[in-house]
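*Asks:*
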Amino acid sequence: MKKQYLIKGLKSFYSAETKPQNPDGYNIEITGNRISRIGANIQNPSAQVIDAENCVAIPGLANTHHHFYQVLTRVIPKMLDMPLFPWLVNHYNVWEGLTRDAVYWSSMAAMGELLLTGCTLTSDHHYLFPASSKNDLIDLQFKAASRLGIRFAGTRGSMSVGKTAGGLPPDSVIQTEDVILKDSTRLIEEYHDPSPDSMQKLALAPCSPFSVSEDLMKRTAKLARRHNVLLHTHLAETLDEQNYCIRRFGCRPVELMQQLDWLGDDVWFAHCVHLNPDEINLFASTGTAVAHCPSSNMRLGSGIAPVKELLAAGAVVGLAVDGSASNDSSDMLGELRQALFLQRVLKGADALSMDDVYKMGSQNGYQILGYSNGGILAENALADIAIFSLDSLDYTGIHDPAAAIIFAGNCHRAKHVIVNGKPVVKNGCLVEINESSIMTATNQIATELVRTASEKTGINYLKRDNSE
Ligand SMILES: [Zn+2]
23 MKKQYLIKGL KSFYSAETKP QNPDGYNIEI TGNRISRIGA NIQNPSAQVI DAENCVAIPG
83 LANTHHHFYQ VLTRVIPKML DMPLFPWLVN HYNVWEGLTR DAVYWSSMAA MGELLLTGCT
143 LTSDHHYLFP ASSKNDLIDL QFKAASRLGI RFAGTRGSMS VGKTAGGLPP DSVIQTEDVI
203 LKDSTRLIEE YHDPSPDSMQ KLALAPCSPF SVSEDLMKRT AKLARRHNVL LHTHLAETLD
263 EQNYCIRRFG CRPVELMQQL DWLGDDVWFA HCVHLNPDEI NLFASTGTAV AHCPSSNMRL
323 GSGIAPVKEL LAAGAVVGLA VDGSASNDSS DMLGELRQAL FLQRVLKGAD ALSMDDVYKM
383 GSQNGYQILG YSNGGILAEN ALADIAIFSL DSLDYTGIHD PAAAIIFAGN CHRAKHVIVN
443 GKPVVKNGCL VEINESSIMT ATNQIATELV RTASEKTGIN YLKRDNSE
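Under our numbering, the residues of the sequence shown are numbered 23 to 490, in order.
Here's what the structure looks like:
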């Protein structure tokens, strides 16, 4: 007998087709790991009740790009106002000290925060493997995801071009290409579950086309396609990157990816801020998808991605919070609001609608990460659901609950979150672990990491450049 839940008393739920407005409210029934019924008068005395009085339900959100370890380096005073390249070089001095515990607890913190802000499926892009750590950092992320109960599409990141070979990262955090490919195969075999309701998937993800060799990019694509797993990397994030690419390879970043056989419906790129109209059409015609990171792009001054144009061309765009040192938050619901407003800055009030951002933040994200039946509130869809209470001053006087979740208020803490039919956030708290234990462990590691880097480099990272 499959376990059943009845989400009871919803004031409303998000639907792209209609604006649900029944005075008696709505219930959602879950059977096993699927939504079995949605409607006004559903009763089921044998189901366990989830109280959602005066709440609104939205589809579980999908975060398509992150770097969990960066939770440990949020708002470092020295790096608050730097653009991407110097920001990276300075952060590497700190990230060099990453340990296994650091990766585990920062993953717990990032995924905990994601769950609490309505995210039910997340990816992560982990590409730093300090020589001092063992080779099991991605394994630790899978362990953290399974402990919290979030659906996790991890990636095996990589860097093979260090400082001495003209790259940005120090040599101590890069790996040889043979080690990278061997470990990629191991992780696919150990963790990748291709089933439609899989709780863990794996993709391959060199850090960027500029931190590994062209040969590794090609070999990674071949390996991924042999195992039928997805490919991911950063692309076209800044003008500096575009200029660097033209200087080094004689072409723009998207052209380089085309040469490396890195376009297709099995590829998604983070950022894609600087695309020209031909590249936008190429993404649409090849099925190449984009993880749009509005907060990160604003924080680092990278620019405004052509999201409206990509959607109009028929390309798939999802949303992402990006690493916590460039956002510095893993507030997934907040990212929908940022995406909506950022496009409107240049392109007017009808640049994107609330339906556009709900779709990007949920269904498109699921599609990008390889799930065809998630990120929607519909019968037989995966039971991944986020429920927000409207009982706060922020939502007083509203007339459309689903719109209010995006437009009004900053109460981004979900009341309940269900993943794969199982409650993982109840009454605003993580079910499987006490939040304070994550905070204590993570804060301790973060303090130590920055202190060690300051001592080693002689740079006081806790001092702002412009502060006295
Ligand atoms: Zn990133």
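By construction, the Cβ of each residue, glycine as well, lies at the ideal position given by its N, Cα and C atoms.
Roughly how many angstroms lie between the CA atoms of Ala430 and Asp416, to the nearest whole one?
*Replies:* 7 Å
*Asks:* For the alpha helix (DSSP H) holding Cys141, just list the boundary residues, first then last.
*Replies:* Run containing Cys141: none in the alpha helix (DSSP H); it sits in the beta strand (DSSP E), 141-148.
*Asks:* What does a CB cutoff of less than 8 Å around Val78 pick up in its chain, not counting 5 residues either side in sequence?
*Replies:* Leu32, Lys33, Ser34, Phe35, Tyr36, Ile409, Phe410, Leu412, Pro423, Ala424, Ala426, Ile427
*Asks:* Buried or exposed for Lys30, going by 16 or more other Cβ atoms inside 10 Å?
*Replies:* Burial is judged here by how many other beta carbons sit within 10 angstroms of a residue's own beta carbon; Lys30 has at least 16 and is buried.
*Asks:* Can you give me the C-alpha to C-alpha distance between Val234 and Ile57, rounded to a whole angstrom?
*Replies:* 43 Å
*Asks:* Hey, is the region 124-143 in contact with the region 89-102, meaning 3+ C-beta pairs nearer than 8 Å?
*Replies:* yes
*Asks:* Quick one: what does DSSP say Ser168 is sitting in, helix, strand or coil?
*Replies:* helix
*Asks:* Under the assumption that Ala225 contacts Leu261 (Cβ atoms under 8 Å), give the Cβ distance between them as a whole number of angstroms.
*Replies:* Wrong, their Cβ atoms sit about 27 Å apart, outside the cutoff.
*Asks:* Report the three-state DSSP secondary structure of Lys185 (helix, strand or coil).
*Replies:* helix
*Asks:* Does the distance from the CB of Phe397 to the CB of Gly47 come in under 8 Å?
*Replies:* Here residue 397 is Gly; the residue named in the question, Phe, does not match the sequence. No, the pair does not count as a contact, with Cβ atoms beyond the cut-off.
*Asks:* Rounded to the nearest angstrom, what separates Lys25 and Glu454 at their Cα positions?
*Replies:* 18 Å
*Asks:* Flag Asp262 as yes when its Cβ comes closer than 7 Å to any non-hydrogen atom of ligand 1, and as no otherwise.
*Replies:* no
*Asks:* Quick check: the Cα distance between His148 and Gly392, rounded to an integer number of angstroms?
*Replies:* 19 Å
*Asks:* Does the beta-carbon of His89, which I'm using as the reference point, lie nearer than 7 Å to any heavy atom of ligand 1?
*Replies:* yes
*Asks:* Which residues in the same chain have their Cβ closer than 6 Å to the Cβ of Leu362, if we skip the five residues on either side of it in sequence?
*Replies:* Leu374, Val379
*Asks:* Have a look at Val508 and Phe151 and give me their C-alpha separation to the nearest angstrom.
*Replies:* Because residue 508 is not part of the residues shown, which for the chain are 23 to 490, the question remains open.
*Asks:* Under the criterion of a Cβ to heavy atom distance below 7 Å, does Ala292 qualify as lining ligand 1?
*Replies:* yes
*Asks:* Do Gly336 and Leu358 come within 8 Å of each other at the CB atom, strictly closer than that value?
*Replies:* no
*Asks:* Nearest to Ile390 by CA position, among Leu368, Ile326, Gly286, is which residue?
*Replies:* Among Leu368, Ile326, Gly286, the Cα nearest to that of Ile390 belongs to Gly286.
*Asks:* Rank Arg473, Glu212, Phe271, Trp284 by C-alpha distance to the C-alpha of Ala243 and give the top, closest one.
*Replies:* Trp284
*Asks:* Flag this pair as touching only if the region 432-447 and the region 347-356 have three or more C-beta atom pairs under 8 Å; answer yes or no.
*Replies:* yes
*Asks:* Buried or exposed for Glu490, going by 16 or more other Cβ atoms inside 10 Å?
*Replies:* With a pLDDT of 37 at Glu490, under the threshold of 50, the predicted position of this residue should be treated as unreliable, and no value is reported.
*Asks:* Pull up the distance between the alpha-carbon of Val439 and that of Pro45, whole angstroms please.
*Replies:* 24 Å
*Asks:* Quick one: what's got a C-beta closer than 7 Å to His87's C-beta in the same chain, skipping five residues either side?
*Replies:* Excluding sequence neighbours, His87 sits near Ser145, His147, Ala292, Ala313, Cys315, Ala342, Asp344.
*Asks:* Tell me the DSSP secondary structure of Ile481 in three-state form.
*Replies:* coil
*Asks:* Check for me: the alpha helix (DSSP H) holding Gly47 runs from which residue to which?
*Replies:* That residue, Gly47, is in no alpha helix (DSSP H); it is neither H nor E in DSSP.
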